Amino acid sequence: MRTCGILLPVSSLPSPYGIGCFSKEAYDFIDRLVQAGQTWWQILPLGPTGYGDSPYQPFSAFAGNPYFIDLDELEKQGLLRKEEYANLDFGKDARYVDYGKLYQKRYPLLAQAFSRTHLEDDTEFQQFCKEHKSWLADYSLFTAVKHYYGGKSWDQWDEGIRLRKPEAMAYFHRQFDREIVYYSYLQYEFSKQWTALKTYANNRGIKIIGDIPIYVSFDSAECWANPELFQFDRERRPVRVAGCPPDAFSTDGQLWGNPLYDWDYHEAHGFDWWIGRMEHCFSLYDVVRVDHFRGFDEYYSIPSEAASAAGGCWQPGPGMKLFRALQKHFGDRLIIAEDLGYVTDSVRQLVQESGYPGMKVIEFAFDSREGGDYMPYNYTKNCVVYTGTHDNQTLAAWYDELTVEDRALAADYLNLKDEDRPETVWAFIRLALESVADTAVIPMQDYLCLGAEARINHPSTIGKNWRWRLLPGEFTEDLADKIRHVNKLYGRTPVKSAAEK
221 MRTCGILLPV
231 SSLPSPYGIG
241 CFSKEAYDFI
251 DRLVQAGQTW
261 WQILPLGPTG
271 YGDSPYQPFS
281 AFAGNPYFID
291 LDELEKQGLL
301 RKEEYANLDF
311 GKDARYVDYG
321 KLYQKRYPLL
331 AQAFSRTHLE
341 DDTEFQQFCK
351 EHKSWLADYS
361 LFTAVKHYYG
371 GKSWDQWDEG
381 IRLRKPEAMA
391 YFHRQFDREI
401 VYYSYLQYEF
411 SKQWTALKTY
421 ANNRGIKIIG
431 DIPIYVSFDS
441 AECWANPELF
451 QFDRERRPVR
461 VAGCPPDAFS
471 TDGQLWGNPL
481 YDWDYHEAHG
491 FDWWIGRMEH
501 CFSLYDVVRV
511 DHFRGFDEYY
521 SIPSEAASAA
531 GGCWQPGPGM
541 KLFRALQKHF
551 GDRLIIAEDL
561 GYVTDSVRQL
571 VQESGYPGMK
581 VIEFAFDSRE
591 GGDYMPYNYT
601 KNCVVYTGTH
611 DNQTLAAWYD
621 ELTVEDRALA
631 ADYLNLKDED
641 RPETVWAFIR
651 LALESVADTA
661 VIPMQDYLCL
671 GAEARINHPS
681 TIGKNWRWRL
691 LPGEFTEDLA
701 DKIRHVNKLY
711 GRTPVKSAAE
721 K
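Residue numbering for the sequence shown follows my numbering, beginning at 221 and increasing consecutively.
Right, dumping it as structure tokens:
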């Protein structure tokens, strides 16, 4: 079945309060997806972000981002008053998230809402805590202690709590009992609001493609609470860390700094942690896209003291042993394999053996620095095609930045006759949609024909990423109708939308 979808992070939705969230605007966006004949809404990871604001470096592999909690919903519950937040300064530019102001303004509001709850009488809250105790208790304590230490990474805490010694754990549990309940409450409210939004989407015929990083951040509840999962020394510090080797895009490679898994430990324990992680993901999403899939075949291992990724080496990953365990547990639940970048024969074999669809990117097809089978005539049906991902430049800016030779190839391939931006961008969109790939996903910025100002992320940089937002009214009815028309033209629109049934 040929389907299509739109890529837009939750943070990029419009809203009056500084960042996209589970608000009325999210429900309106779903309605536009229905009008546009879409099947999928693809988002980025939903975890709580820290330094650098990257959703791929969350404080937890399980927790949700409190920024996404809708303030108006809290007002409806009687936990906030409109005048307490309606006129606050969440940032001057509706186009971009101001994370500094968001941090300063949002959390006091959430704490105010919490102070007005009566959770001791809330059986649903108590049931939520019970159902999620495998990660929630550690996450809530981790967050409370982190706040006590002024936001410092857990490896800078005092030794007793850093190493989770019983007397220190008991002390902090007593000292921060109320704070632990507060952070658990934020996860409860996040879960309620996300579940309601996802249910609305599913009932309207829209399914959610979620995204998870292969790795977790070192400064995370998992690394503090479960050090046995990672390649740590006796002091619970990373021995080697993750990244990517030097290539045509980066002469020093990419030093991500994430701790690497102790795959022998995971295998010896039946990959229980991964099964639990994926179980949680499938409760949030209809389909899970796993970032950096090649790391399961081989992962790039860098000494923790290294200043760049240039001195790393490849090590064998768990391969099909992990995915057989997942498939035995979940059956045919769908996973998308992010198999971009330098792909070896063994990675191709792993993707093929797993049966998961891989990814194709139209921008890579016309970039002479990029190897791989990205030309559309090389696609198979079992793949997901994108014009670009959150890590790519927008189509319009990418085309402007192409070398003379690469642009000539693209123009010749698509028979482009002029340099009109919208027509050029839509030619590449059509190229993705008309391909044999079963699924096509187009970033919202490309449908809007926006330039470099709309880029979501520029890898290996910090400070200006994850900020772009859709403006109110920008996803118009006319644009939705145009998207629906072109998707129908290439056989990707449902015969009847959910709204028409």
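All residues carry an ideal CB built from backbone N, CA and C; glycine is no exception.
Bear in mind the structure is a predicted one, so any value in this text is a computation, not a measurement.
Return the chain-ordered list of same chain residues with a C-beta closer than 7 Å to the C-beta of residue i, the five sequence neighbours on each side being excluded.
i           : result
residue 404 : 349, 356 and 360
residue 718 : Bear in mind that a pLDDT of 43 at residue 718, under 50, signals an unreliable position, so the number given afterwards is only what the model happens to contain. Taken in chain order, the residues that qualify are 254, 424 and 425.
residue 455 : none
residue 308 : 325
Just confirm the distance between the C-beta atoms of residue i and residue j, as a whole number of angstroms; I'd bet it's less than 8 Å.
i           : j           : result
residue 522 : residue 531 : 7 Å
residue 417 : residue 246 : 6 Å
residue 225 : residue 704 : Actually they do not touch by this definition, with Cβ atoms about 13 Å apart.
residue 723 : residue 238 : For the chain, the structure presents residues 221 to 721; residue 723 sits outside this window and is missing.
residue 651 : residue 706 : Residue 651 to residue 706, Cβ: 11 Å. No contact.
residue 711 : residue 222 : 5 Å
For residue i, which of the options has the nearest alpha-carbon?
i           : options               : result
residue 330 : 589, 294, 550 and 441 : 294
residue 691 : 249, 304, 225 and 222 : 249
residue 685 : 315, 236, 235 and 284 : 315
residue 534 : 464, 626 and 421      : 464
residue 597 : 634, 568, 297 and 368 : 634
residue 555 : 571, 564, 567 and 561 : 571
residue 339 : 313, 299, 375 and 352 : 299
residue 479 : 567, 460, 226 and 243 : 460
residue 518 : 568, 475, 553 and 693 : 568
residue 297 : 265, 277, 475 and 333 : 333
residue 428 : 320, 346, 698 and 414 : 414
residue 228 : 263, 221 and 623      : 263
residue 586 : 346, 611 and 607      : 607
residue 242 : 374, 549, 636 and 290 : 290
residue 342 : 583, 409 and 271      : 409
residue 599 : 658, 557, 385 and 623 : 658
residue 439 : 553, 575 and 269      : 269
residue 660 : 675, 639, 693 and 708 : 708
residue 639 : 675, 619, 384 and 321 : 619
residue 682 : 381, 260 and 275      : 275
residue 380 : 687, 392 and 373      : 392
residue 383 : 482, 457, 368 and 346 : 457
On the DSSP letters alone, give me the boundaries of the beta strand (DSSP E) that residue i sits inside.
i           : result
residue 328 : It is not in any beta strand (DSSP E) - residue 328 instead sits in the alpha helix (DSSP H) that spans 319-335.
residue 520 : 518-523
residue 431 : 427-432
residue 653 : Note, residue 653: premise wrong, no beta strand (DSSP E); alpha helix (DSSP H) at 641-654.
residue 385 : It is not in any beta strand (DSSP E) - residue 385 carries neither H nor E in the DSSP assignment.
residue 618 : Premise fails: residue 618 lies in the alpha helix (DSSP H), 615-621, not in any beta strand (DSSP E).
residue 579 : 578-581
residue 227 : 223-227
residue 241 : From DSSP, residue 241 is part of no beta strand (DSSP E); its letter is neither H nor E.
residue 603 : 603-606
Can you give me the Cβ contacts of residue i inside the same chain, cut-off strictly under 8 Å, excluding the 5 residues immediately before and after it?
i           : result
residue 497 : 281, 282 and 432
residue 720 : For residue 720, the predicted model reports a pLDDT of 44, less than 50, meaning its position is unreliable and no value from the coordinates is stated.
residue 472 : 466, 528, 529 and 530
residue 501 : 430, 432 and 508
residue 581 : 560, 594, 605, 606, 607, 608, 609 and 612
residue 437 : 270, 277, 278, 279, 443 and 478
residue 539 : 516, 517 and 570
To which residues of the same chain is residue i closer than 6 Å at the C-beta, ignoring the five residues directly before and after it?
i           : result
residue 701 : none
residue 602 : 577
residue 672 : 617
residue 240 : 230, 231, 232 and 233
residue 623 : none
residue 252 : 695 and 700
Taking only beta-carbon positions, decide if residue i is within less than 8 Å of chain C.
i           : result
residue 359 : Within the model displayed, chain C is absent; a lone protein chain is all it includes.
Starting from residue i and walking both ways along the alpha helix (DSSP H), at which residues does that stretch end?
i           : result
residue 477 : Per DSSP, residue 477 belongs to no alpha helix (DSSP H); it is in the beta strand (DSSP E), 474-479.
residue 252 : 244-255
residue 463 : Residue 463 -> not in any alpha helix (DSSP H); beta strand (DSSP E) instead, spanning 460-464.
residue 289 : Where residue 289 is concerned, there is no enclosing alpha helix (DSSP H), given that its DSSP letter is neither H nor E.
residue 401 : 397-423
residue 346 : 343-351
residue 260 : Residue 260 -> not in any alpha helix (DSSP H); beta strand (DSSP E) instead, spanning 260-262.
residue 665 : 664-667
residue 483 : 483-488
Relative to the ligand FAD, is the shortest distance from any of its heavy atoms to the C-beta of residue i smaller than 7 Å?
i           : result
residue 600 : The ligand FAD is not among the ligands present in this structure, which contains no ligands whatsoever.
Counting Cβ pairs, one atom from each stretch, are 3 or more of them under 8 Å apart for the segment 317-325 and the segment 436-456?
Contact fails: fewer than three Cβ-Cβ distances are below 8 Å.
For the structure I just gave you, are there three or more beta carbon pairs, one from the segment 613-622 and one from the segment 661-676, closer than 8 Å?
Touching, yes.
Touch test, the segment 290-307 against the segment 422-442, Cβ-Cβ under 8 Å, three pairs minimum:
Flag = no, the segment 290-307 and the segment 422-442 do not touch.
Quick one: any contact between the segment 387-405 and the segment 223-241, if contact means 3 or more CB pairs under 8 Å?
Too few Cβ pairs lie closer than 8 Å, so no.
Quick check: the segment 633-648 against the segment 543-560, are there 3 or more CB pairs under 8 Å?
No: fewer than three Cβ pairs fall under 8 Å.
For the segment 583-594 and the segment 488-504, state whether three or more C-beta atom pairs, one from each stretch, are separated by less than 8 Å.
The segment 583-594, when compared against the segment 488-504, does not touch it at the 8 Å Cβ threshold.
Closer than 8 Å is the cut-off here; do at least three beta carbon pairs connect the segment 504-514 with the segment 479-492?
Cβ pair count under 8 Å is below three, so no.
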